[in-house]
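Enquirer: My questions will all concern the structure given below.
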Amino acid sequence: MVRITTNLVQVDAVVTDRDGKQVTDLGADDFEILENGRPQQITNFSYINAASPAASAPTRSGSKCSPRAAASYSKGRAA
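Residues in the sequence shown are numbered from 25 upward in steps of one, following our numbering.
Written as structure tokens, this is what we have:
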């Protein structure tokens with residue numbers, strides 16, 4: 025019998041250019057996820073537009089949330 029356990033890990037990223045403007049046209053291929061120096065496969069990727077009132081609420085630092093990319097990868101191991 026083979027037992028496989030996976031953990032889904034979500035990673036949020038906010039990307040800006042040198043002028044501080046948000047970069048919104050990125051895809052999964054524009055990101056690299058490393059765990060202990062080893063590349064991980066991105067299994068889910070979505071762009072989240074934070075234009076809604078709840079998403080643009082000030083954070084603890086006083087800055088507003090901006091659009092972000094959410095990438096997930098499965099972390100698995102065989103038992």
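All C-beta atoms in this analysis are idealised placements derived from N, C-alpha and C, irrespective of residue type, glycine included. Just so you know, these numbers come straight off a predicted model, no measurement behind them.
Over what stretch of residues does the beta strand (DSSP E) that includes Phe55 continue unbroken?
Expert: No beta strand (DSSP E) holds Phe55; DSSP gives it neither H nor E.
Enquirer: Excluding five sequence neighbours on each side, which residues of the same chain lie with their C-beta closer than 6 Å to the C-beta of Met25?
Expert: So no residue of the chain qualifies.
Enquirer: If distances are taken between C-alpha atoms only, which option among Thr67, Val47 and Gln46 comes closest to Glu56?
Expert: Of the listed residues, the one whose Cα sits closest to Glu56 is Thr67.
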